[in-house]
Amino acid sequence: MTDSKDALINIEDIHKVFVTEEVETHALSGVHLKIQKGEYVSIAGPSGCGKSTLLSIMGLLDSPTKGDYWLNGSPAAELSASQRARIRNREVGFIFQSFNLIGDLTVYENVELPLTYRRMPKAERKQRVQTALERVAMAHRMKHYPSQLSGGQQQRVAVARALAGTPAILLADEPTGNLDSANGKAVMDLLAELHQEGATICMVTHDERYAHYAQRTVYLFDGRIVDEEQAAKEQIA
Amino acid sequence: MRTIWQDMRYGLRQLRKSPGFTAIAIVSLALGIGANTAIFSLINGVLFKSLPVRDPHELRVINWACFEYSLSHFSGATNRSKSGQFSSGSFPYPTYCDFRDQAAGFSEVFAFSELGSMTVVAQGMAFTADGLMVSGNFFDGYGAQTLIGRPILPRDDRHDAEPVAVITYRAWERRFGLNPNVLGQTVILNKSGFTVVGILPRQYAGPLAGDQADFYVPMAAQPQLKSGYPLASRNHWWLEIMGRLSPEASDAQARASLEVLFDQTLAVSNSKLKEPSMLLEDGSRGPLMQRKWAAQPLLILQGVVGLVLLIACANMAGMLLSRGTARQHEMTVRAAIGAGRWRLIRQSLVESLVLSLIAAACGLIMSSWIKAGIMNFITNSVGDIHFNMALDAKVLLFTLGAAVATTLLFGFLPALRVSRVNPATGLQTARLQGASRARLCKVLVVTQVALSLLLVAGTGLLVRTLVNLKNIDPGFDTENLLVFRLNAGDAGYNGTERIDYYESVSRSITAIPGVRDVAYSSTSLLAGRVSSSGFSLPGRPTNPDDDLQANELTVNETFFSTMGIPMLRGRTFAGTDTQTSTKVMIINDAFVHAFFSEENPIGHYVKTGENEYQIIGVCGNTKYDSVRSDIAPTMYHSYRQAPSGSVSFEVRTVLPELSLVPAVRKVISSLDESIPIQELTTQTDLFNRSIIMERISTTLCGSLAMLAVVLACIGLYGLLAYHVAQRTGEIGIRMALGARPQDVARPILRQALLLVAIGVAVAMPITLALSRAMRSVVYGIKPYDPLTIVCAVILMITVATLAAWIPARRAAKIDPMKALRYE
Ligand SMILES: Nc1ncnc2c1ncn2[C@@H]1O[C@H](COP(=O)(O)OP(=O)(O)O)[C@@H](O)[C@H]1O
Ligand SMILES: [Mg+2]
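So, in structure tokens, the structure goes:
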């Protein structure tokens, strides 16, 4: 077993309780998870089992009610809001089910957005946006607005946005959920290629068809990890 | 009907659910509606309110009109129409008698004339009060009754009748302590006795706007109370005439009959009127001319507060828009379960109406405070003015109208927007509409900022003016100085008797513990009164064409030392400067500068009227009639050499000046109880009154400016809050991508500052133009006062930043998790 300090993501006995109008929801109840650099992990499970919650905690969008979390070797507990924002910006790339592009910004500006929150010279930003958009084959749609693109194209732009900042890990929450199967497959193929090129990916899906793209699948039920399986493909390789 | 009732109940519940929004909305609307209602009730009282008499619609004011006139003894106002026709309501008494006895179509023709201020002695107390002289049929024709006793009757209006008076409730309360035994008592009006026969009811109001008359006497009292206007003369024009039209008569008929009688009158008088005719004016509210004059400033004020209400509406629209976003979901659901568009609009409008009605109710209460405040302020500074300001149907209707109008103004657009939901796509379409309404809101906010800046800058100039005026050194010491007038002339004292009387008053008051010095003069300083006269300088080379003019004031020997006015040269007046000794004069420094330059004026002569005066002294400069007016060359006469009938006393005290009033009153009534103390006040009060217009306009303008700034801030706040509410999802995405709290807060503050900057830029040229236009109003500051403008801008920016702070903070506190969840 590798030391916890080496793992990119190290989650130990994490609990998450939501309290709304005197109803307590136990979204996560004691989750343990390690993800190494270069791994491709998928999280599967029925709706409402806590997948998104787990991913949000990994991406520092949310904090656990109880338990410890190390990202890239440093504890996430004592970070200020600004520090968390900084890590989200540099270490994490988010891909959402509903794309979450900003409608008032062009494709170029959307991809550039995370870079504008760093002190990065304009020329370098341009360079990176260019590269990222070429990587997802959307460079020709740079001046378009999201509403002028198809769902598959929008999701590719969202992937480019996640890539542009060269994050340590890509977090994707049901990236194919709003796409038809052809577009969904294209996005999954894109993620697989990125993984081939060395990216670390953690993806949530409840679509059995796509779970096998990952090296490792973690099954979540009622806030607990109930099963783990290594993909056959990986074992062959 | 039932569903509207339901909508209302639902609306109330919605308002209770967001108490912060509801409170802000109600307060800002209530202030707007309250201010408007207050000003409207003042206007209503002045312009629209019917006189509280029987069948006021039957009353007519009788005027004459002509294209040129030459009248030997005319007293009253004339009005000139655009066509060049003159008109007036002032008639000779015999003409009135002709009208009364012979005019067709009237059930009664009655007349009245103001007596102005009279000296009254009643129940052993002397005071001053205004009077109205009325024809014997006045009360019958006017349609007013007495509360107790009887009105003046035709039999009282004969030269051999016993003189009687009717008093108002006001006078009965204030002067007789509501004592019913006042009936049958004798009161002295300017030295003649009148028996009180009746008391008018509390709600009684006389025919003249701002009526101040408390004592009504018959025309027969003319020789005693209005001696310059003989009843028998057809050449003295002084009487106002009104008539009560018979129900069956027409105006044209009555007018024709009056014209015949008027021509007869003119034929036997020396007055010349070109193309004379008669005008009958609606008399249900009394003569119009005075009302128009009194309403003028109110109409301007109504315009300004109307503007403030508009700003309040713009704000409400902004706030409802922003609330509409928050409730878009609810509306989507309602639309999804089958509510039609009109149904959604109605629901929104009813909610707005509920808000407006509550605000109107609060506004009505506020308006009575605002009204009382304004009236108090005016009464304290200008004197008693009586208008019927009571709440009536018209005012209530106005308030209700204001509520409905504001509902439509601020509620309709948001209602339309809210109703335009698509149950299928919900938020998506809403966001596309957002851009246009945000632009609309921005324009509104910029306008509000610009207007507020204008008001703030204007107020700033007024405030600085007021401060400058308050800091003016009037050239004498205004502290601890009690001032009042005595009129020994009216009490029958002449020449040396007056001097003796005033000297004994001086001595007795000086003897009161706490009094340091006593002086008297023909008028008091800073009282708004000034007298001036032409003069010449015998033996000095002056251009005979020069029209030399200087102010003059008659004072006693102790005047300069009591007032603290320094003698710069020569001597002051002495008890030996009497009517039989050389006529002497003291001049002020300004006089020396203007007419003697470097030369010593002592010993030179000044000729005014028939007399030559030798200059015996030079005193320091003082302000005379008001603090604003420039110091003019002034000549001081000795009272012993020119004893006027009435004088102003100045009492310098070591104790607080008003604490000595009882002692002073006692001394004066013990010397001669028929001479009342008039215009008792303090010199500081006179000083303050002399800048009363500045104080009124600064206070009103300041309050409105404050209101406008608050409203503009609410508007800005509403816009930004709306912006933040609308972009919650986007802000969530940005935060997920690594925007720090300050990264999302800063653009919001920047936007606020940008809007304010645009508002300031728009307002700047207007502000500069305004400050130029205010040149005649400001005092002691340059036309473009940079300090005021910079302060106004800084104030605007500071307040706007504070207003933007809350939404900016809210944006910074957005939880990206939640924001994304709702996205
Ligand atoms: N912000 C929240 N407030 C209250 N309950 C929440 C919140 N977020 C998630 N939950 C609840 O936690 C549980 C897990 O949610 P989630 O992680 O979104 O599930 P999944 O992504 O697996 O469908 C669900 O029951 C959900 O209703
Ligand atoms: Mg989920």
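Going line by line, the protein sequences match chains A and B.
Sequence positions in the first sequence follow my numbering and run 2 to 238.
Sequence positions in the second sequence follow my numbering and run 3 to 825.
All C-beta atoms in this analysis are idealised placements derived from N, C-alpha and C, irrespective of residue type, glycine included.
These figures come from a predicted structure and were not determined experimentally.
For I190/B, same chain residues with a beta-carbon under 6 Å away, outside a window of 5 residues either side, are V123 in chain order.
Between V458/B and V792/B, the C-beta spacing is not below 8 Å.
Within the chosen limit of 7 Å, ligand 2 reaches the beta carbon of E175/A through at least one heavy atom.
Minimum Cα-Cα distance from N81/B among the listed residues L73/B, W66/B and S523/B corresponds to W66/B.
With its beta carbon less than 8 Å from one in chain B, L62/A belongs to the interface.
Taking 7 Å as the cut-off, one finds no heavy atom of ligand 2 near enough to the beta carbon of S30/A. R87/A is not a Cβ neighbour of P168/A, given a cutoff of 8 Å.
Between the region 656 to 671 of chain B and the region 511 to 519 of chain B there are three or more C-beta pairs closer than 8 Å, enough to call the two in contact. Taking 8 Å as the cut-off, the beta carbon of G224/A is found no closer than this to the beta carbon of N184/A.
In this model, P809/B and I750/B are separated by some 8 Å (Cα to Cα). Annotation for Q214/B: no alpha helix (DSSP H) segment contains it, and DSSP assigns it neither H nor E.
Taking a Cβ-Cβ threshold of 8 Å, none of the residues of chain B is close to L180/A; the smallest such distance is about 17 Å. Measuring C-alpha to C-alpha distances from E110/B to each of G118/B, L117/B, D100/B and E116/B identifies D100/B as the nearest. As computed with DSSP, Q616/B is found in a beta bridge with V586/B and Y607/B.
Interface with chain A (8 Å Cβ-Cβ cutoff): R742/B is included. Distance between S30/B and A405/B, taken at the CA atoms: about 13 Å.
Those residues that have a beta carbon less than 5 Å away from any non-hydrogen atom of ligand 1 are, in order along the chain, F19/A, T21/A, T26/A, A28/A, S48/A, G49/A, C50/A, G51/A, K52/A, S53/A and T54/A. Taking 7 Å as the upper bound on Cβ-Cβ separation, chain B lies near residues L114, P115 and Y118 of the region 112 to 123 of chain A. A direct Cα-to-Cα measurement between L488/B and A131/B gives close to 15 Å. By the beta-carbon neighbour count (other beta carbons within 10 angstroms, threshold 16), Q450/B is buried.
Taking a Cβ-Cβ cut-off of 7 Å, the neighbours of P818/B in chain A comprise L62, given in sequence order. Per DSSP, F651/B is one residue of the beta strand (DSSP E) stretching across S648 to T655. Collapsing the DSSP output to three states places H639/B in a strand.
C99/B is bridged by DSSP to nothing; it lacks a bridge partner.
Counting C-beta pairs closer than 8 Å gives three or more between the region 361 to 377 of chain B and the region 33 to 47 of chain B, which meets the contact rule. Listed along chain B are M737, G740, A741, R742, P743 and D745, each with a C-beta nearer than 8 Å to that of A86/A. In the DSSP secondary-structure assignment, I201/B is bridged to I150/B and I169/B. DSSP places P58/B in the helix class (H, G or I) of the three-state scheme.
Closest by C-alpha distance to P568/B, out of I604/B, D479/B and A741/B, is D479/B.
At a cut-off of 8 Å between C-beta atoms, E696/B does not count as an interface residue with respect to chain A.
Think of a sphere of 8 Å around the beta carbon of S83/A: the chain B residues whose beta carbon falls inside it are R742, P743 and Q744, in chain order. At a cut-off of 8 Å, the C-beta of L822/B has a neighbouring C-beta in chain A. For E23/A, the number of other beta carbons within 10 angstroms of its own is below 16, and it is reported as exposed.
In this structure, F537/B sits near L550/B, with a CB-CB distance shorter than 8 Å. Nearest to S77/B by alpha-carbon distance, out of R62/B, F93/B, F69/B and S83/B, is F93/B.
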